[in-house]
Each structure stands twice: as structure tokens, then as C-alpha cells.
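Visitor:
There are 2 protein chains.
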Amino acid sequence: MRRADELRELVETHLRSLLFGPELGGLEAALRYSLEAGGKRIRPVLCLAVTEAAGGDVERALPAASALELVHTFSLVHDDLPSMDDDSERRGRPSAHVVFGDGVALLSGDALLVEALRLALSYDDPAIARELAGATLDMIGGQYRDITGDDGDLETLHRLKTGALFSASVGLGLLVTGVPDAEHEPWRAFGADLGLLFQIVDDLIDGDGYARRMGLEAAKELTADVARRAHARLDDLRADARVLHEIVDAVTFRTA
Amino acid sequence: MRRADELRELVETHLRSLLFGPELGGLEAALRYSLEAGGKRIRPVLCLAVTEAAGGDVERALPAASALELVHTFSLVHDDLPSMDDDSERRGRPSAHVVFGDGVALLSGDALLVEALRLALSYDDPAIARELAGATLDMIGGQYRDITGDDGDLETLHRLKTGALFSASVGLGLLVTGVPDAEHEPWRAFGADLGLLFQIVDDLIDGDGYARRMGLEAAKELTADVARRAHARLDDLRADARVLHEIVDAVTFRTA
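In order, the protein sequence lines correspond to chains Z and G.
Counted the way my numbering counts, the first sequence spans residues 191 to 446.
Counted the way my numbering counts, the second sequence spans residues 191 to 446.
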């Protein structure tokens, strides 16, 4: 069983090896710039760790895992645009639109989204691409709530903006492995908890969202509660969930 | 056999009846605004006409046909953004970004693209969504060439920006009908000609592209040549291609 950092290395290698559409021309450089900026790769690593814990073939799950990272990257590229959050830096480097201009950055986000779905469509089972598309749509709904300020219901906002792709990371691992739908529920409940945990910690780091609404101490207590629940859900799975426990800890104790 | 305007009415009804992702919230209004702005619906009508000529079930092809129109609409919404062509009007109405703001228009384009792929994924055969995704990627590559001025090769630019989705309109009709791949070629060659025809006429109407490069008279002659070739290709198909002939005429003689 591979550790999380070994799975991450597999993801990095697979992302670098991706062949993009032959007609993208010079646009490909913008896709690779955003995709190879690093980041934690937590969604693809989660997908691979679920695959391994569920008894699946990690190599076979790599296109699905990369597809999740491409959707995430698409959302960052569009989020950073001046008409959205207007962020000129991402992961310590100039944002795509600063380097390539707003129009090319916009198109590179569009292309990342389509490439993600092409990766998900490399499987014979259309359920994999369907789940990714559904989660992406939920995420876009969350973005809409975020930029229009219709975020009174913080739980809904986070469930859509962050949780949907975390759930899909778990779901894609199960689907690639061929776990019967009837057995998905406890795995998916874990995915929802991990997404929530990720978001609360994010808010603690940034001092907004949950941290602002509840106060720092209460948000830290909530972090500990959700982390305990996520670990407990893993204990209830009949699976070797060591790497998933490791991921819960990494999410709980991250500081950036 | 239904006439083109009857097929178009089927498309309009189907587009109005689409159920979008339940979590899009208020964003749905922006999708419907752009989608229900009218337009010729030539891509979905072409898809349905190919389906009918190839002996398929037009009703069954409706999700694929609508998916093509959603991809086209996504491209228009993003094209009109200030960072792209900066068009404030589309089909005689204010562009999406004028009505909803740049950020919401951007997200509505993203959502239209994902909804298109969800429609294509409503079929069991993943080849349908694969073809749509491939054509969309080609189209994005064409957009990139267009906005960066890398359009020295007008044929490549048009093949990607316009032709790819016309070819997919034919391809999706064939795939939905279950026409064996080995029999696709003459249909697809017709689709490529129709896409080229559409573009030359577009350039004649706008006075740019082919019209500017070749001069008006030469571009009109090219229109007539390509239209003749498209009709001839239809004659060579062993199919009742009356509606497709009608579409060639409509494209050839349109003035807007």
C-alpha cells in the first residue's frame, strides 16, 4: 500500500504526461502553466487512496484522478480572472491571466474543463464522466452563490463549492474500482466530512467563513469534531484505510 | 419526413424543456437568457436531419441536438465577454454580460458547457459525449487562434472555429442512429462542406474573412462551388436527403 506522498508523485507524473487536444496550438502552454503550478493535489490523491483502500487498481484510476485536478484547476483559473476574484497571484506565481492575458486565460480554463471530461470519458462506463460533470455543475452553482453574495447559508455554499468535488473524488475511486452502488454510502459520507474539514481549516487559515462566523476557538473545536468523525467513518469501513487516515490528518493539521 | 422548420420547432421545445442542475440557483436564469435568445439552431437541426435521413429516431436524437446548441451558446457567451470580442449585443438583445455582469456571464458559459456534456452523457454510448468533447476542444483551439491573431491560415481557423461543431452535428446524428463507423465518411465530408459553406456566407455577410481575402465576387463563386459540392455529396448518399438539401439551400441563401 502506497503512502499519500507516493500517490501524489504518481499524480504529478501522470499530469505531466497528459496529451492535450492536438488543435489547442499555443493555448496548451497556458493549460500546462496552471496545471503544473503545484498545489496539494488532494483531490486526485484522495481518489487514488479510495481506489487502493477499496481494492482497486491505482494505475487504472489515474485518468479519473487527473480529471479531478483539471476541474479544480479550471475553477481556479476562472476564479482568478478580474471579473471574478481578481487575484493576480496563485500558489506564489502570477495568475494565468497576468501571464497570458484575460482572454487566453479564459479559454485555457474552458479547455481544462473539456480535457477533464475527456479524461473521464476514457473509461467505458459513462457513470464516471456523469459523476464528474454533476459535481462540476454543483461547484459552479457554489461559485455563483459566492460571487453574488448569496452565501447566507454557509453550509450550502461550502457543500457546493468545495464538497462536491471532494465527494466526486471518493465517488470516482469507487466507480473505477467497480464497488457496487449499494456500498457507496459510508465512503461518500466520509468524503463529505473530509470536504467539510478541508473547508473549515481553509477558513481558519484565511480567518474568514466559519472562523469569522463562529470565532477561532469554536472553529477549532469543530475541526477536531469533524476530524474525529472522519476517522471513525474510516474505522467502520471494512478496508485498509491507513492512507485515508493519513489524508485526514494532513488536512486537519495543514497550515497553508 | 419533417421539414427543417418542423425540426427546428422540436429543438426549441426541447431546449425550453431542459432541466438544469438543481444547484445552479439563480444562475439558471442566465443560462436560459442566452439559450432562449433564438438563433437559427442550425447545428441541432442538422443533427436531427442527419438522424432522420440515416433512418434514426429523431426524438431519441433530441438530447444530442440540444447539447450541440448548448456548446454553441457557451461559445457565444464567452466570446462576447469584454476580455474576448467585447460585444454588447447578441441577436438584437444585450449580451449576457451586459445583463448579468461579467462574472455571472462567465459562470453561465461554464455551466452551459457542462450541461451540454451532461446531455451527451445521457446516452449509454460514451462515443457521443467523446465526439462532442473533441469538437468543443477543436472549437476552443480555433477561438485561441482567432483572438491571438494567429489566423494566417484561414482554412485551419474556420475548420476549428466553425467546422468542428458542424462535423460533430453530423457525427452525433450518425452515432445516435447507430450507423457503423465504416459508413460515416461520406456523411462527415458533407458536414465539413456545410461548415465551410456556412463560414464563407458568414464572411460575405460581415465583409471579412474569405470576402476580404478573396474579394466579393470570388467569395460568391466559392459559395456556389461549395454548395454544389455539398448537394452532390448528398446525392451520392443512399438516403432520403431532402431536408439536408433544404438546409444547404438555407445556408447558401441566408442574408443574416
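Each residue gets a CB set at the ideal place from its N, CA and C atoms; glycine is no exception.
Quantities reported herein were computed from a predicted structural model and do not represent experimental measurements.
(1) For Pro370/Z, does the three-state DSSP call read helix, strand or coil?
(2) Report the neighbours of Gly293/G on chain Z: residues whose CB is nearer than 7 Å to its CB, in chain order.
(3) Quick one: does Leu225/G have its CB under 8 Å from some CB of chain C?
(4) Which residues share a DSSP beta bridge with Leu279/Z?
(5) Tell me whether the beta-carbon of Val267/G lies closer than 8 Å to the beta-carbon of Thr326/G.
(6) Taking just the CA atoms, how far does Leu197/Z sit from Glu305/Z?
(7) Give the interface partners of Glu345/Z over in chain G, defined as CB-CB distance under 7 Å, in chain order.
(8) Measure the Cβ-Cβ separation of Leu386/Z and His421/Z and say whether it is below 8 Å.
(9) For Pro370/G, which option in Ala317/G, Ile337/G, Leu355/G and Asp398/G has the closest C-alpha, if you only look at C-alpha atoms?
(10) Closest Cβ-Cβ distance between Ala257/Z and chain G: below 8 Å?
(11) Which full runs of the alpha helix (DSSP H) of 4+ residues lie inside the segment 325-350 of chain G, going along the chain?
(12) Taking the alpha-carbon positions, what's the His374/Z to Met191/G distance?
(13) Give a yes or no on whether the minimum CB-CB distance between Glu213/Z and chain G is below 8 Å.
(14) Taking Thr263/Z as part of the alpha helix (DSSP H), name the residues at either end of that continuous run.
(15) Identify every run of the alpha helix (DSSP H) within the segment 387-432 of chain G, keeping only runs that are complete inside it and at least 4 residues long; order them along the chain.
(16) Should Gly282/Z be flagged as near chain G, meaning a C-beta pair shorter than 8 Å?
(17) Work out the CA separation of Leu297/Z and Ala354/G for me, nearest whole Å.
(18) Apart from the five residues just before and just after Ala244/Z, which ones in its own chain have a Cβ nearer than 8 Å to its Cβ?
(19) Label Gly381/G either buried or exposed according to how many other C-beta atoms from any shown protein chain fall within 10 Å of its C-beta, with 16 as the threshold for buried.
(20) Relative to the C-alpha of Asp383/Z, which candidate in Glu345/Z, Thr241/Z and Leu406/Z has its C-alpha closest?
(21) Is there a C-beta anywhere in chain Z that falls below 8 Å from the one on Gln333/G?
(22) Return the residue from the list Ala440/G, Asp275/G, Glu202/G and Leu412/G that minimises the CA-CA distance to Arg222/G.
(23) Which term fits Ile437/G, buried or exposed, when burial requires 16 or more other beta carbons within 10 angstroms of its beta carbon?
(24) Using a beta-carbon distance cut-off of less than 8 Å, what residues from the segment 355-371 of chain Z approach chain G?
(25) Can you tell me whether Glu199/Z is helix, strand or coil according to DSSP?
(26) Under 8 Å between C-beta atoms, does Gly304/Z make it to chain G?
(27) From Asp328/Z to Asp392/Z, what does the alpha carbon distance come to, in whole angstroms?
(28) In angstroms with no decimal places, state the Cα-to-Cα distance between Arg206/G and Glu226/G.
(29) Assign Ile395/Z to buried or exposed, taking buried as 16 or more other Cβ atoms, counted over all protein chains shown, within 10 Å of its Cβ.
(30) Just to confirm, are Ala301/Z and Leu217/Z a CB contact at a threshold of 8 Å?
(31) Identify, in the order they occur along the chain, each residue of the same chain with its Cβ nearer than 8 Å to the Cβ of Ala379/Z, setting aside the five sequence neighbours on each side.
(32) Less than 7 Å between C-beta atoms, sequence neighbours within five positions excluded: which residues of the same chain meet that for Ala409/G?
(33) Using 8 Å as the limit for Cβ to Cβ distance, is Thr326/Z near chain G?
(34) Compute the beta-carbon to beta-carbon distance between Val294/G and Tyr313/Z, rounded to the nearest angstrom, for a pair I have assumed lies under 8 Å.
(35) Verify whether the separation of the beta carbon atoms of Asp292/G and Leu258/G is less than 8 Å.
(36) Could you tell me which uninterrupted alpha helix (DSSP H) segments, each at least 4 residues in length, are contained entirely in the segment 202-237 of chain G, listed from first to last along the chain?
Guide: Taking the geometry as given:
(1) Working through the first sequence from its first residue, we reach residue 370/Z at position 180. Shown here, Pro370/Z sits in coil according to DSSP, grouped into three states, outside any helix or strand.
(2) Here residue 293/G refers to the residue found at position 103 when the second sequence is read from its first residue. Under the 7 Å cutoff, chain Z gives Ser273, Met274 and Ile337.
(3) Note that chain C does not occur in the displayed structure, where the protein chains are Z and G.
(4) The residue you call residue 279/Z lines up with position 89 of the first sequence. Checking the sequence shown, residue 279/Z turns out to be Glu, not Leu. BP columns for Glu279/Z point to Pro284/Z.
(5) Position 77 of the second sequence, counting from 1, holds the residue named residue 267/G. Position 136 of the second sequence, counting from 1, holds the residue named residue 326/G. Going by C-beta atoms, Val267/G is not nearer than 8 Å to Thr326/G.
(6) Looking up residue 305/Z in the first sequence gives position 115. Looking up residue 197/Z in the first sequence gives position 7. Each residue's alpha carbon lies about 22 Å from the other.
(7) One-based indexing of the first sequence puts residue 345/Z at position 155. Result: empty, since nearest Cβ-Cβ is about 13 Å, beyond 7 Å.
(8) Position 196 of the first sequence, counted from the first residue, corresponds to residue 386/Z. Position 231 of the first sequence, counted from the first residue, corresponds to residue 421/Z. Leu386/Z is not a Cβ neighbour of His421/Z, given a cutoff of 8 Å.
(9) As a working mapping, residue 370/G is identified with position 180 in the second sequence. Residue Ala317/G is the option with its Cα nearest to Pro370/G.
(10) Here residue 257/Z corresponds to residue number 67 of the first sequence, with the count starting at 1. Closer than 8 Å: no.
(11) Qualifying alpha helix (DSSP H) stretches, in chain order: 344-348.
(12) Translated into the one-based positions of the first sequence, residue 374/Z becomes position 184. Translated into the one-based positions of the second sequence, residue 191/G becomes position 1. Rounded to the nearest angstrom, the two C-alpha atoms are 47 Å apart.
(13) Counting from 1 along the first sequence, the entry for residue 213/Z is found at position 23. Chain G, which has a Cβ nearer than 8 Å to the Cβ of Glu213/Z, makes this yes.
(14) By one-based count along the first sequence, residue 263/Z stands at place 73. Here the alpha helix (DSSP H) through Thr263/Z covers Val248 to Asp269.
(15) Those alpha helix (DSSP H) runs which fall completely within the segment 387-432 of chain G and span 4+ residues are 400-404 and 406-426.
(16) As a first step, residue 282/Z must be located in the first sequence, where it is residue number 92. Chain G has no Cβ within less than 8 Å of the Cβ of Gly282/Z.
(17) As a working mapping, residue 354/G is identified with position 164 in the second sequence. As a working mapping, residue 297/Z is identified with position 107 in the first sequence. If you draw a straight line from the Cα of Ala354/G to the Cα of Leu297/Z, it comes to about 17 Å.
(18) Against the first sequence, residue 244/Z aligns to sequence position 54. Answer for Ala244/Z: Gly363, Leu364, Thr367, Val369, Trp377 and Ala429, listed in chain order.
(19) Sequence index remark: in the second sequence, residue 381/G carries index 191 (1-based). Gly381/G should be labelled buried.
(20) For this step, residue 383/Z is matched to residue 193 along the first sequence. The candidate whose alpha carbon is nearest that of Asp383/Z is Glu345/Z.
(21) Numbered from 1 along the second sequence, position 143 holds the residue referred to as residue 333/G. Yes, because at least one Cβ of chain Z sits closer than 8 Å to the Cβ of Gln333/G.
(22) Along the second sequence, one-based indexing puts residue 222/G at 32. In terms of CA proximity to Arg222/G, Glu202/G leads the group Ala440/G, Asp275/G, Glu202/G and Leu412/G.
(23) On the second sequence, position 247 is the one that residue 437/G refers to. Classification for Ile437/G: buried.
(24) For the segment 355-371 of chain Z, the set of residues with a beta-carbon nearer than 8 Å to any beta-carbon of chain G is empty.
(25) In the first sequence, the residue the question calls residue 199/Z occupies position 9. Reduced to three states, the DSSP call for Glu199/Z is helix.
(26) By one-based count along the first sequence, residue 304/Z stands at place 114. In the sequence under discussion, the amino acid at residue 304/Z is Val, which differs from the Gly named in the question. Under the 8 Å criterion on CB atoms, Val304/Z is classed as interfacial with respect to chain G.
(27) Stepping through the first sequence from its first residue, residue 328/Z is reached at position 138. Stepping through the first sequence from its first residue, residue 392/Z is reached at position 202. If you take the alpha carbons of Asp328/Z and Asp392/Z, they lie about 19 Å apart.
(28) As a first step, residue 206/G is located in the second sequence; it is residue number 16 there, counting from the start. As a first step, residue 226/G is located in the second sequence; it is residue number 36 there, counting from the start. Looking at the backbone, the Cα of Arg206/G and that of Glu226/G are separated by about 8 Å.
(29) On the first sequence, position 205 is the one that residue 395/Z refers to. Counting the other CB atoms within 10 Å of its CB gives Ile395/Z a total below 16, which places it among the exposed residues.
(30) Locating residue 301/Z in the first sequence gives position 111, counting from the first residue. Locating residue 217/Z in the first sequence gives position 27, counting from the first residue. Ala301/Z places its beta carbon less than 8 Å from that of Leu217/Z.
(31) For the purposes of this step, residue 379/Z is taken as residue 189 along the first sequence, with counting starting at 1. Result list for Ala379/Z: Arg423, in chain order.
(32) To locate residue 409/G, count along the second sequence from 1; it is residue 219. Shown here for Ala409/G: same chain residues with a beta carbon closer than 7 Å to its own, the five before and five after excluded, namely Ile390, Asp393, Leu394, Tyr400 and Ala401 in chain order.
(33) Taking the first sequence and counting its residues from 1, one reaches residue 326/Z at position 136. Yes - at least one Cβ of chain G is within 8 Å of the one on Thr326/Z.
(34) Locating residue 294/G in the second sequence gives position 104, where the first residue counts as 1. Locating residue 313/Z in the first sequence gives position 123, where the first residue counts as 1. In fact, because the Cβ distance is near 33 Å, the residues do not count as touching under 8 Å.
(35) On the second sequence, residue 292/G is found 102 positions in, with the first residue counted as 1. On the second sequence, residue 258/G is found 68 positions in, with the first residue counted as 1. If you check the CB distance, Asp292/G and Leu258/G do not come in under 8 Å.
(36) Listed in chain order, the complete alpha helix (DSSP H) runs (minimum 4 residues) inside the segment 202-237 of chain G are 217-225.
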